[in-house]
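S.K.:
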Amino acid sequence: MSIVELGMPVVPERRIPTRPGRRYLVRTFGCQMNEHDSERVGGLFEADGMVPASGVGDADVVLINTCCVRENADNRLYGHLGQLKAVKDERPGMRILVGGCLAQKDRQVVQEKAPWVDVVFGTHNLHRVVTLLDHAEEWGPVTEIWDETASIDDVPSNLPTVREVSHSAWVTITIGCNNGCTFCIVPVVRGREISRRPADILREVRDLAAEGVVEVTLLGQNVNSYGRDLAVDGRRRPIFADLLRRVGEVDGIRRIRFTSPHPKDIKDDVIAAMAETPAVCEQLHLPLQSGSARILRAMQRGYTPERFLAKLRAAEAAISGLATSTDVIVGFPGETESDFDDTLQVVEEARFDGAFMFIYSPRPGTAAAEMDGHVDPAVASERFSRLAELQRRISLQKNEELIGRTLEVLVEGPSKKDPGMATARTRTNKVLHLPGVHLSGTFIDAIVERAAPSHLIGRVAG
Ligand code: SF4
């Protein structure tokens with residue numbers, strides 16, 4: 012097998028479609044960043060003439076966009092690759108590509124364990140996917156990942172994108188992360204934080220609005236450190252608060268969301284920009300991770316539970332009707348029953364509308380994986396159940412408080428469970444189901460009639 016490493020060009024290539032009618036399939040694991048990357052790979056494939064496949068059975072090109080944040084990510088990848096090998100043995104013309112975080116981290120392992128893979132590419136090499144495929148078809152398997160020298164100029168922002176819904180879009184504002192949370196592999200696989208230029212971001216948002224997009228979600232590993240690397244003459248401008256206000260001025264954009272801010276970096280200016288920019292939704296996702304000061308130190312999160320709660324309270328005081336959500340890790344190495352009680356107490360006090368809760372599992376290559384005091388899985392699982400029950404109760408209470416209220420919702424499409432119902436979303440990011448068929452992308456005023464921990468049921472007002 013010949014492995015060729017290619018350099019990265021600064022600008023995306025313009026090319027004549029070379030694969031008209033060939034079918035592609037993209038399988039995505041991981042976070043919104045990966046989902047957005049997959050949309051862009053889809054855009055690049057379609058610009059090359061390809062069309063979506065209905066499944067592996069009719070796919071000529073299969074891309075697996077990997078994630079290494081979730082547990083057992085590599086087992087899942089190699090399981091998938093094993094199944095694809097059987098298909099490829101029958102149809103040798105099929106091409107298999109592996110991209111994303113795991114590809115960036117483990118490209119050699121992928122090559123060794125799955126030599127039938129045609130292309131392995133890293134997290135900043137996505138814009139090169141069609142060129143890499145060309146190369147693989149001509150010369151054999153190819154691999155390309157980024158190195159420490161990657162900059163924003165290596166990551167073009169004007170890539171074509173295939174979006175699942177036409178009214179809503181993600182917009183990347185930063186890539187990478189400069190923090191060092193001890194449980195997290197992201198800085199290793201996504202690199203140092205790089206901010207996109209504000210003019211590029213605003214151009215993209217204006218273009219999206221011109222295409223009919225009404226809702227944008229600004230994406231970054233740590234959005235509120237946006238602009239640090241763009242400082243001029245020692246002054247940090249623009250900052251995330253400026254960006255929120257500027258995006259809020261774009262005609263046609265009625266909802267702005269962002270994910271995720273880091274609690275240590277959320278300051279009064281961001282809270283003020285949220286409160287004063289009508290398009291910014293009344294929603295804040297602030298990852299707590301633990302309610303124990305000791306565990307937060309071990310995680311290197313850079314805040315105490317008290318500071319976290321103070322920021323949450325400041326945001327709630329400034330932004331009327333704010334809904335909050337968080338991430339919590341249960342069973343971090345060294346977590347005692349008393350640490351876990353602290354987490355329960357902070358969650359009780361914070362009264363988040365929702366929470367993403369995880370049982371800690373070590374990620375190779377992180378500092379936490381090497382720490383002593385790994386918590387017995389049975390103990391972690393029991394703690395997780397208690398936390399989930401507490402959050403379930405709080406989420407239900409908060410949703411019940413909305414019964415009888417009229418809320419603006421944006422229709423996403425038919426409900427997956429009941430085609431007689433439509434699924435919509437409030438400005439506070441709550442899912443609301445309502446009867447009838449409603450056009451995706453329309454705004455409706457809905458009256459909330461019933462509440463569950465994870466959703467609301469309503470009807471059209473009036
Ligand atoms: S802020 Fe921490 S958890 Fe988030 S991506 Fe950076 S290192 Fe990971």
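Residues in the sequence shown are numbered from 12 upward in steps of one, following this note's numbering.
Just so you know, even glycine gets a beta-carbon here, dropped at the ideal spot from N, CA and C.
None of the values given here were measured: they were computed from a predicted structure.
1. Since VAL131 contacts VAL121 with CB under 8 angstroms, what's their CB separation in whole angstroms?
2. Using the C-alpha atoms, what's the distance from ARG217 back to VAL258?
3. Below 8 angstroms on the Cβ atoms is my contact criterion, and I expect VAL98 with VAL62 to pass it. Report the Cβ-Cβ distance as a whole number of Å.
4. Terminal residues of the continuous beta strand (DSSP E) containing GLU226?
5. Would ASP71 pass as a contact of ARG38 if the rule is Cβ separation under 8 angstroms?
6. For SER303, which three-state DSSP category applies?
7. Under 8 angstroms by Cβ, that's how I've got THR439 and VAL420 pegged, so tell me the actual separation to the nearest angstrom.
8. Does the beta-carbon of VAL197, which I'm using as the reference point, lie nearer than 7 angstroms to any heavy atom of the ligand SF4?
9. Please classify ARG30 as buried or exposed, where buried requires at least 16 other C-beta atoms within 10 Å of its C-beta.
10. Could you check if GLY447 belongs to the surroundings of the ligand FAD, using beta carbon to heavy atom distance under 7 angstroms?
11. Please classify TYR35: does DSSP put it in a helix, a strand, or coil?
12. Where do the ends of the alpha helix (DSSP H) carrying TRP150 lie?
13. Find the nearest neighbour of ILE370 within the set VAL341, GLU348, PHE351, ASP383, judged by alpha-carbon distance.
14. Under the three-state reduction of DSSP, which class applies to VAL22: helix, strand or coil?
15. Rounded to the nearest angstrom, what separates MET432 and MET382 at their Cα positions?
16. Count the other CB atoms within 10 Å of the CB of GLU400; is the residue buried (16 or more) or exposed (fewer)?
17. Could you give the residue range of the beta strand (DSSP E) that holds GLN122?
18. DSSP on HIS47, reduced to helix/strand/coil?
19. Between ARG102, ILE196, ASP145, which has its C-alpha nearest LYS116's C-alpha?
20. Give the straight-line distance between the Cα atoms of GLN311 and LEU450, rounded to the nearest whole angstrom.
21. Inspect the beta-carbon positions of VAL459 and LEU407 and report whether they are closer than 8 angstroms.
22. Does LYS449 come out as helix, strand or coil in the three-state DSSP assignment?
23. Between ASN190 and the ligand SF4, is there a pair consisting of the residue's CB and a ligand heavy atom that are separated by less than 7 angstroms?
24. Going by DSSP in three states, GLN356 sits in which element: helix, strand or coil?
25. Return the CA-CA distance between PRO446 and VAL227, expressed in angstroms with no decimal places.
26. Pick from VAL200, MET285, HIS47: whose alpha carbon is nearest that of LEU255?
27. Can you tell me whether DSSP reads SER177 as helix, strand or coil?
28. One question on the structure: do CYS7 and VAL200 come within less than 8 angstroms of each other, judged by their Cβ atoms?
29. Could you compute how far the alpha carbon of LEU17 sits from the alpha carbon of ASP240?
30. Is there at least one non-hydrogen atom of the ligand SF4 closer than 7 angstroms to the beta-carbon of HIS47?
31. What residue range is occupied by the uninterrupted alpha helix (DSSP H) comprising GLN94?
32. At a cut of 8 angstroms, does the stretch 290 to 304 reach the stretch 324 to 338 through at least three beta carbon pairs?
33. Give the DSSP bridge partners of THR172, in chain order.
34. Which one of SER331, GLY424, VAL176 has the shortest CA to CA distance from GLU50?
35. Give the DSSP-derived three-state secondary structure of GLN311 in the structure shown.
36. Cα separation between VAL224 and GLY111?
M.R.: This is what the structure gives:
1. Within the sequence shown, the letter at position 120 stands for residue 131. Within the sequence shown, the letter at position 110 stands for residue 121. The beta-carbon separation of VAL131 and VAL121, rounded to 5 angstroms, stays under the 8 angstroms limit for a contact.
2. The residue labelled residue 258 in the question sits at position 247 within the sequence shown. The residue labelled residue 217 in the question sits at position 206 within the sequence shown. VAL258 and ARG217 have their C-alpha atoms roughly 9 angstroms apart.
3. Position 87 of the sequence shown, counted from the start, is the residue given in the question as residue 98. Position 51 of the sequence shown, counted from the start, is the residue given in the question as residue 62. Rounded, the Cβ-Cβ distance is 19 angstroms, inconsistent with contact.
4. The count along the sequence shown starts at 1 and reaches residue 226 at position 215. Here the beta strand (DSSP E) through GLU226 covers 226 to 230.
5. On the sequence shown, residue 71 is found 60 positions in, with the first residue counted as 1. On the sequence shown, residue 38 is found 27 positions in, with the first residue counted as 1. At a Cβ-Cβ threshold of 8 angstroms, ASP71 and ARG38 do not count as neighbours.
6. Mapped onto the sequence shown, residue 303 falls at position 292. Residue state for SER303 is assigned as coil, using DSSP reduced to three classes.
7. In the sequence shown, residue 439 corresponds to position 428, counting from 1. In the sequence shown, residue 420 corresponds to position 409, counting from 1. Not really, about 10 angstroms apart at Cβ, beyond 8 angstroms.
8. To locate residue 197, count along the sequence shown from 1; it is residue 186. A distance criterion of 7 angstroms places the beta-carbon of VAL197 in contact range of the ligand SF4, judged by its closest non-hydrogen atom.
9. What you label residue 30 is simply residue 19 of the sequence shown in a count that begins at 1. Result: buried.
10. With respect to the ligand FAD, the structure shown offers nothing to examine, as its ligands consist of the ligand SF4.
11. Translated into the one-based positions of the sequence shown, residue 35 becomes position 24. Residue state, collapsed to three classes: strand.
12. Within the sequence shown, residue 150 is the residue found at index 139, counting from 1. Bounds of the alpha helix (DSSP H) holding TRP150 are 140 to 150.
13. Along the sequence shown, read from residue 1 onward, the residue named residue 370 stands at position 359. Checking every option, the nearest Cα to that of ILE370 belongs to VAL341.
14. Within the sequence shown, the letter at position 11 stands for residue 22. Below a pLDDT of 50, predicted positions are generally treated as unreliable, and VAL22, at 40, falls in that range; no measurement from the model is reported.
15. In the sequence shown, the residue the question calls residue 432 occupies position 421. In the sequence shown, the residue the question calls residue 382 occupies position 371. Taking the CA atoms as reference points, MET432 sits about 49 angstroms from MET382.
16. The count along the sequence shown starts at 1 and reaches residue 400 at position 389. Result: exposed.
17. Taking the first residue of the sequence shown as position 1, residue 122 is located at position 111. GLN122 -> not in any beta strand (DSSP E); alpha helix (DSSP H) instead, spanning 112 to 124.
18. Residue 47 sits at position 36 when you count from the first residue of the sequence shown. Shown here, HIS47 sits in a helix according to DSSP, grouped into three states.
19. Residue mapping note: residue 116 aligns to position 105 of the sequence shown, counting from 1. For the residues ARG102, ILE196, ASP145, the minimum Cα distance to LYS116 belongs to ILE196.
20. As a position in the sequence shown, residue 311 is number 300, starting the count at 1. As a position in the sequence shown, residue 450 is number 439, starting the count at 1. Going by the C-alpha atoms only, they are around 46 angstroms apart.
21. Here the question's residue 459 lines up with position 448 in the sequence shown. Here the question's residue 407 lines up with position 396 in the sequence shown. The beta carbons of VAL459 and LEU407 sit no closer together than 8 angstroms.
22. Indexing the sequence shown from 1 puts residue 449 at position 438. Sequence check: residue 449 is His here, not Lys. The answer is coil: DSSP assigns HIS449 none of H, G, I, E or B.
23. Against the sequence shown, residue 190 aligns to sequence position 179. Yes, since a heavy atom of the ligand SF4 falls inside the 7 angstroms radius drawn around the Cβ of ASN190.
24. In the sequence shown, counting from the first residue as 1, residue 356 sits at position 345. When DSSP states are grouped into helix, strand and coil, GLN356 belongs to the helix group.
25. Reading the sequence shown from its first residue, position 435 is the one you call residue 446. Reading the sequence shown from its first residue, position 216 is the one you call residue 227. Rounded to the nearest whole angstrom, the CA to CA distance from PRO446 to VAL227 is 26 angstroms.
26. What you label residue 255 is simply residue 244 of the sequence shown in a count that begins at 1. Of the listed residues, the one whose Cα sits closest to LEU255 is MET285.
27. As a working note, residue 177 is residue 166 in the sequence shown. Assigned with DSSP and collapsed to three states, SER177 falls in coil, not helix or strand.
28. Nothing about residue 7 can be reported from this structure: the residues present for the chain run from 12 to 473 only.
29. Taking the sequence shown and counting its residues from 1, one reaches residue 17 at position 6. Taking the sequence shown and counting its residues from 1, one reaches residue 240 at position 229. Note that LEU17 has pLDDT 37, beneath the 50 cutoff, so the model's placement of it is unreliable and the number below is only indicative. Approximately 27 angstroms between the Cα atoms of the pair.
30. Translated into positions along the sequence shown, residue 47 becomes position 36. Outside the cutoff, so no.
31. The residue labelled residue 94 in the question sits at position 83 within the sequence shown. First-last of the alpha helix (DSSP H) with GLN94: 84 to 101.
32. By the Cβ criterion, the stretch 290 to 304 is in contact with the stretch 324 to 338, since at least three pairs of Cβ atoms, one from each stretch, lie closer than 8 angstroms.
33. By one-based count along the sequence shown, residue 172 stands at place 161. Here THR172 is not bridged, per DSSP, to any residue.
34. Position 39 of the sequence shown, counting from 1, holds the residue named residue 50. Answer by Cα proximity: VAL176.
35. For the purposes of this step, residue 311 is taken as the residue at position 300 of the sequence shown. In the three-state scheme derived from DSSP, where H, G and I count as helix and E and B as strand, GLN311 is classed as coil.
36. The count along the sequence shown starts at 1 and reaches residue 224 at position 213. The count along the sequence shown starts at 1 and reaches residue 111 at position 100. Rounded to the nearest angstrom, the two C-alpha atoms are 26 angstroms apart.
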